[in-house]
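A.B. asks: In my numbering, the protein residues as written are 190 to 310. Positions of the beta carbon are idealized from the N, C-alpha and C atoms, including for glycine.
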Amino acid sequence: MKTNLLSLTLITLFSSSVMANSGMSIKDIRTVEDVQDIRNKIIFRMTEVLNTENLSEDKVMILKKRIELLSNKPLPTQEQIDWRVENPLDFHSLKQKKDQLKRDLRIKIFRHFRNNRQLVG
Numbered sequence: 190m191k192t193n194l195l196s197l198t199l200i201t202l203f204s205s206s207v208m209a210n211s212g213m214s215i216k217d218i219r220t221v222e223d224v225q226d227i228r229n230k231i232i233f234r235m236t237e238v239l240n241t242e243n244l245s246e247d248k249v250m251i252l253k254k255r256i257e258l259l260s261n262k263p264l265p266t267q268e269q270i271d272w273r274v275e276n277p278l279d280f281h282s283l284k285q286k287k288d289q290l291k292r293d294l295r296i297k298i299f300r301h302f303r304n305n306r307q308l309v310g
């Protein structure tokens with residue numbers, strides 16, 4: 190039992206994202222300053238990872254590019270933030286739509302190959 194608990198703890202610890210703890214959740218964003226604070230924390234954390242960890246050259250380039258893109262990204266207006274607070278994303282319905290699109294695409298591809306096989310054979 191102890192072994193299972195220890196292995197589960199280690200797996201959870203090492204599989205969590207480096208950027209997961211930004212100090213503030215998306216639901217806490219109410220102002221443009223909140224957005225700027227979160228971006229600054231994320232950029233600071235990515236810079237720490239870039240400077241302290243021994244990363245491959247590809248990962249260094251990707252991290253530098255992400256830092257640059259996030260630094261240059263324009264801030265949303267207060268009106269945009271207010272609209273998003275009033276109209277939150279419904280992730281459940283988005284996932285359902287995505288799954289339905291995948292099913293429709295699979296059916297379409299299956300029918301295409303089935304019809305082409307009948308024409309050839």
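For I232, which residues of its own chain have a beta-carbon under 7 Å away from its beta-carbon, when the five flanking residues on both sides are left out?
C.D. replies: Only I256, L259 and S260 meet the Cβ criterion.
A.B. asks: Check for me: the alpha helix (DSSP H) holding R219 runs from which residue to which?
C.D. replies: R219 -> no alpha helix (DSSP H), and no H or E assigned at all.
A.B. asks: If you draw a straight line from the C-alpha of G290 to the C-alpha of L283, how long is it?
C.D. replies: Residue identity differs from the one stated: residue 290 is Leu in this sequence, not Gly. C-alpha separation (whole angstroms): 11 Å.
A.B. asks: Taking the straight line between their C-alpha atoms, what separation do you get for L294 and F280?
C.D. replies: L294 and F280: Cα-Cα distance of roughly 21 Å.
A.B. asks: Can you have a look at V274 and say buried or exposed, based on whether 16 or more other CB atoms are within 10 angstroms of its CB?
C.D. replies: By the 10 Å Cβ count, V274 comes out exposed.
A.B. asks: Using 8 Å as the threshold, is the segment 217 to 229 in touch with the segment 242 to 254, meaning 3 or more CB pairs across them?
C.D. replies: With a cut-off of 8 Å, the segment 242 to 254 and the segment 217 to 229 do not count as touching, because too few Cβ pairs lie within range.
A.B. asks: What is the DSSP secondary structure of E151, reduced to helix, strand or coil?
C.D. replies: One cannot answer for residue 151 here, as it falls past the ends of the chain, which runs 190 to 310.
A.B. asks: Reducing DSSP to helix, strand and coil, say where L290 ends up.
C.D. replies: The answer is helix: DSSP assigns L290 an H, G or I state.
A.B. asks: In chain order, what are the residue ranges of uninterrupted alpha helix (DSSP H) at least 4 long that sit wholly in the segment 249 to 287?
C.D. replies: Here the runs fully enclosed are 267 to 275.
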